[in-house]
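Please read the structure below before turning to the comments.
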Amino acid sequence: MTSETLDVLIVGAGISGIAAAYYLGQRCPQLSWTIVEGRNAIGGTWDFFRYPGVRSDSDMFTLGYRFRPWRGENAIADGPSILQYLKDTAREFGIDRRIRFGQRVSRVSWSSREALWTVDIARGEETTQIRCNFLFMCTGYYRYDQGYTPPWPGMADFAGPVVHPQVWDAREQGAGVVDPDYAGKRVIVIGSGATAVTIAPALAQKASHVTMLQRSPSYVVSMPARDDQVNLLRGRLPDRLVSWLARWKMILIGSYYYRKAKVNPNETRDVILQRIRAVLEPGFDVERHFDPAYNPWDQRVCIAADADLFQAINDGRLSMVTDHIERFVEEGLQLRSGEILPADVIVTATGMRMRIMDGVQIIVDGQPVQLGDTLSYKGLMYSNIPNLASAFGYTNASWTLKCELICEYVCRLLNYMRRRGYRQCVPRPEAESPPSEPMIDFTSGYVRRAGDELPRQGGRPPWRVYQNYLKDLLVMRFGRLDDGVMEFRKLRG
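Mapping of the sequence shown onto my numbering: residues 188 to 680, in sequence order.
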């Protein structure tokens, strides 16, 4: 078994891993690092998902990097454009030459005596090891090997294909391409989240008809794919200034509406429904299909770019049905109401399986660690786990906003340790009552299903995870590193 030793190992070459590599290269040039990626391609989510209509559900001024602003015309971009942006970014900064593909991390083991992680990496049938002082996990938050599909009765009875969007292009499973022939056919899309809201109108462009079947509604708001204000400024003002203005415009607008939704949820609900009524034809049952039982931002609000979902409804190409599935039948779905929904193709846009750090086994000084038993420290490290950070974005804003702040903080931390000769840092919890809240305070199904696997959060900083960019910016860029909670050690002689 071969082994090498690095200062930092980045795991994952998606949007977070590329950011981590950039900041390490720029702010910690004296440190050695590399990226290992379990798949054979760069881009993470944006290479993996290939279903029709895949796009961002955040604006690209904030989903794009601060260090390389998005310059496309569309603020809501399609998946291929985002993937190309990530590839171009990695190539521009030489990051693509530092990625080792096809190397999946299975186990990491920390030694306090050596102040090193030993990382077990599977390369096909071979296992290798890399040792590193600091481990930066940029693996996203869901399982790549399978999405979530409920075990409905009679699924084998349906005569047509049943496809989860996560395996629309099933190269990862070695099963070829799963791209069902839906042109001119009746399609049912099961689900009400961001994927369903995106894929349903895209399928409706070719299908004879699409039915979006949901057990319960989600909040859906329209947003123009293009930001005409920003596009108007381009060519009239310096490019860096336009990018800065666009980014902060979206940060402040997003923060304002999120805060307003939390303070006045009923008013926010009324505004959302009023805007939906304004775009749909009179007589459509908005309350039944677009008025959830939960408050806005208890789950993520879905985006309909250019009102495409509502336009497909108005055109008669897409129908909404809110009901429960009783069972699959040969001709389609039987609902609890007794109605039979006929279909030629069924798409199960029913969510993902959440998994922090890709399910990697963690050992600290010979003792296994379960993330569900840890406290989240500032949303990036975990109690009693030394020299490990993970990139985890916002639930109420773009993923990248938080990840870039985490990357900046990690670089500050590494430089602080190097200057003072420290080799180990570990957040140590105070003696307080055990926290009762998961790290993510969402009621979405994928969060609830993760249950006890998720780290917890406490009631006050630094153990509290805030979904607030402005607050995090101050803490991550300017807050004390030696805050009385983080324990630093030199290598024991």
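Every residue, glycine too, gets a C-beta built ideally from N, C-alpha and C.
- Query: Hey, would you say Gln-611 sits closer than 9 Å to Arg-667, going by beta carbons?
  - Reply: One-based indexing of the sequence shown puts residue 611 at position 424. One-based indexing of the sequence shown puts residue 667 at position 480. Not a contact, by the Cβ cut-off of 9 Å.
- Item | 6 Å CB neighbourhood of Tyr-564 in its chain, flanking five on each side removed | Translated into positions along the sequence shown, residue 564 becomes position 377. Here the set comprises Pro-614 and Pro-649.
- For His-396: DSSP bridge partner residues: In the sequence shown, counting from the first residue as 1, residue 396 sits at position 209. Answer is Arg-373.
- Using beta-carbon positions only, say whether Val-407 and Val-458 come within less than 9 Å of one another. Along the sequence shown, one-based indexing puts residue 407 at 220. Along the sequence shown, one-based indexing puts residue 458 at 271. Cβ distance not < 9 Å, so Val-407 and Val-458 don't count as in contact.
- Query: Quick one: what's got a C-beta closer than 6 Å to Val-652's C-beta in the same chain, skipping five residues either side?
  - Reply: The sequence position of residue 652 within the sequence shown is 465, counting from 1. Closer than 6 Å at the Cβ level, and outside the excluded window around Val-652, lie Ser-563, Gly-566, Met-626 and Gln-644.
- Item | Reduced DSSP secondary structure (H/G/I, E/B, other) of Val-364 | The residue labelled residue 364 in the question sits at position 177 within the sequence shown. Residue confidence for Val-364 is low, a pLDDT of 44 falling below 50, so the modelled location carries little weight; the figure read from the coordinates is stated next. Correct three-state label for Val-364: coil.
- Which same chain residues, not among the five before or five after Asn-261, have their C-beta less than 6 Å away from its C-beta? Taking the sequence shown and counting its residues from 1, the one referred to as residue 261 is at position 74. Within the same chain, Asn-261 has close Cβ partners Ala-412 and Arg-413.
- Message: Let's see if you can read the secondary structure: which residues bound the beta strand (DSSP E) around Arg-285?
- Response: The count along the sequence shown starts at 1 and reaches residue 285 at position 98. Counting along the chain, Arg-285 falls outside any beta strand (DSSP E), and DSSP gives it neither H nor E.
- According to the Cβ coordinates, are Tyr-481 and Leu-588 closer than 9 Å? Sequence index remark: in the sequence shown, residue 481 carries index 294 (1-based). Sequence index remark: in the sequence shown, residue 588 carries index 401 (1-based). Against a cut-off of 9 Å, the Cβ pair of Leu-588 and Tyr-481 comes out as no contact.
- Would you mind sorting Gln-401 into buried or exposed? The rule is 16 or more other CB atoms within 10 Å of its CB. As a first step, residue 401 must be located in the sequence shown, where it is residue number 214. By the neighbour-count rule (16 or more Cβ atoms within 10 Å), Gln-401 is buried.
- Comparing alpha-carbon positions, which option in Gly-559, Ile-263 and Arg-255 lies nearest Ser-245? Counting from 1 along the sequence shown, the entry for residue 245 is found at position 58. The option with the nearest alpha carbon to Ser-245 is Ile-263.
- Item | Cα-Cα separation between Glu-474 and Leu-460, rounded to whole angstroms | The residue given as residue 474 occupies position 287 in the sequence shown. The residue given as residue 460 occupies position 273 in the sequence shown. Going from the Cα of Glu-474 to the Cα of Leu-460 covers about 8 Å.
- Task: Compute the distance between the beta-carbons of Thr-305 and Gln-316, then report whether it is under 9 Å.
- Result: For the purposes of this step, residue 305 is taken as the residue at position 118 of the sequence shown. For the purposes of this step, residue 316 is taken as the residue at position 129 of the sequence shown. Yes, Cβ-Cβ distance for Thr-305 and Gln-316 is below 9 Å.
- Task: Determine the burial state of Pro-483: buried for a count of at least 16 other Cβ atoms within 10 Å of its Cβ, exposed for fewer.
- Result: The count along the sequence shown starts at 1 and reaches residue 483 at position 296. The residue is buried, with at least 16 neighbouring Cβ atoms inside 10 Å.
- Which whole-angstrom value is the C-beta distance of Ser-299 and Asp-552, which I expect to be below 8 Å? Taking the first residue of the sequence shown as position 1, residue 299 is located at position 112. Taking the first residue of the sequence shown as position 1, residue 552 is located at position 365. 5 Å between Cβ atoms; contact.
- Query: Glu-513: which of Pro-469, Trp-339, Pro-616 and Glu-313 sits nearest, CA to CA?
  - Reply: Position 326 of the sequence shown, counted from the start, is the residue given in the question as residue 513. Taking only the C-alpha atoms, the option nearest Glu-513 is Trp-339.
- Under the three-state reduction of DSSP, which class applies to Ala-200: helix, strand or coil? As a first step, residue 200 is located in the sequence shown; it is residue number 13 there, counting from the start. Look at Ala-200 here: in three-state DSSP terms it is coil, with no helix or strand label.
- Between Ala-362 and the rest of its own chain, which residues show a CB-CB distance below 8 Å, the 5 nearest in sequence each way excluded? Residue numbering aside, residue 362 sits at position 175 when the sequence shown is read from its first letter. Low per-residue confidence applies at Ala-362: pLDDT is 43, beneath 50, and the placement is therefore not dependable, though the value from the model is reported in the following sentence. Cβ within range, chain order: Val-354.
- Counting pairs of beta carbons, one from the segment 374–381 and one from the segment 212–231, are three or more of them closer than 8 Å? no
- Could you pull out every residue in the same chain whose Cβ sits closer than 6 Å to the Cβ of Asp-669, ignoring the five residues on either side in sequence? Residue numbering aside, residue 669 sits at position 482 when the sequence shown is read from its first letter. So no residue of the chain qualifies.
- Item | Limits of the unbroken beta strand (DSSP E) element including Cys-590 | The residue you call residue 590 lines up with position 403 of the sequence shown. Annotation for Cys-590: no beta strand (DSSP E) segment contains it, though the alpha helix (DSSP H) segment containing it runs 586–607.
- Task: Identify every residue that forms a DSSP beta bridge with Ser-296.
- Result: In the sequence shown, residue 296 corresponds to position 109, counting from 1. In DSSP, Ser-296 forms a bridge with Thr-305 and Ile-550.
- Query: Short check: CB of Arg-330 to CB of Met-544, under 9 Å?
  - Reply: Position 143 of the sequence shown, counting from 1, holds the residue named residue 330. Position 357 of the sequence shown, counting from 1, holds the residue named residue 544. It is not a contact, given that the beta carbons lie outside the stated cut-off.
- Message: Quick check on DSSP: helix, strand or coil for Gln-213?
- Response: If you number the sequence shown from 1, residue 213 lands on position 26. Correct three-state label for Gln-213: helix.
- Flag this pair as yes or no: are the beta carbons of Met-568 and Leu-575 separated by less than 9 Å? Numbered from its first residue, the sequence shown carries residue 568 at position 381. Numbered from its first residue, the sequence shown carries residue 575 at position 388. Yes, the Cβ-Cβ distance between Met-568 and Leu-575 is below 9 Å.
- Query: Relative to the alpha-carbon of Phe-665, which residue among Gly-671, Val-241, Arg-599 and Gly-608 has its alpha-carbon at the smallest distance?
  - Reply: Taking the first residue of the sequence shown as 1, we reach residue 665 at position 478. The candidate whose alpha carbon is nearest that of Phe-665 is Arg-599.
- Message: Pop quiz: Ile-222 and Ala-206 are said to be a contact at Cβ under 8 Å. What is the actual Cβ separation, rounded to whole angstroms?
- Response: Counting from 1 along the sequence shown, the entry for residue 222 is found at position 35. Counting from 1 along the sequence shown, the entry for residue 206 is found at position 19. The Cβ separation is near 11 Å, so there is no contact.
- Item | Every unbroken alpha helix (DSSP H) inside the segment 208–269 [4 residues or more] | 232–235 and 247–250
- Give the range of the beta strand (DSSP E) segment to which Phe-579 is assigned. By 1-based counting over the sequence shown, the position of residue 579 is 392. Per DSSP, Phe-579 belongs to no beta strand (DSSP E) and is neither H nor E.
- Is Arg-358 helix, strand or coil by DSSP? Along the sequence shown, one-based indexing puts residue 358 at 171. Only weak support is given to the placement of Arg-358: the predicted model assigns it a pLDDT of 49, under 50, and the value that follows is read from those uncertain coordinates. In this structure, Arg-358 counts as helix in the three-state DSSP scheme.
- Message: To test your reading of the DSSP string, which unbroken alpha helix (DSSP H) runs of 4 or more residues are found completely within the segment 510–574?
- Response: none
- Task: Could you check the C-alpha separation between Glu-526 and Pro-337 for me, to the nearest Å?
- Result: Walking along the sequence shown from the start, residue 526 turns up at place 339. Walking along the sequence shown from the start, residue 337 turns up at place 150. Looking at the two C-alpha atoms, the distance is approximately 20 Å.
- Message: Distance check for Gly-259 and Ala-277, CA to CA, integer angstroms please.
- Response: Numbered from 1 along the sequence shown, position 90 holds the residue referred to as residue 277. Numbered from 1 along the sequence shown, position 72 holds the residue referred to as residue 259. Roughly 17 Å between the two C-alpha positions.
- Message: Can you tell me whether Ala-536 is buried or exposed? The criterion is at least 16 other CB atoms within 10 Å of its CB, across all chains shown.
- Response: Your numbering for residue 536 matches position 349 in the sequence shown. Buried: at least 16 other Cβ atoms inside 10 Å.
- Could you tell me the distance, in whole angstroms, from the CA atom of Arg-255 to the CA atom of Ser-190? Within the sequence shown, residue 255 is the residue found at index 68, counting from 1. Within the sequence shown, residue 190 is the residue found at index 3, counting from 1. Rounded to the nearest angstrom, the two C-alpha atoms are 34 Å apart.
- How about Ala-465 and Thr-455: do their beta carbons lie closer than 9 Å? The sequence position of residue 465 within the sequence shown is 278, counting from 1. The sequence position of residue 455 within the sequence shown is 268, counting from 1. No, these two residues do not count as a Cβ contact at 9 Å.
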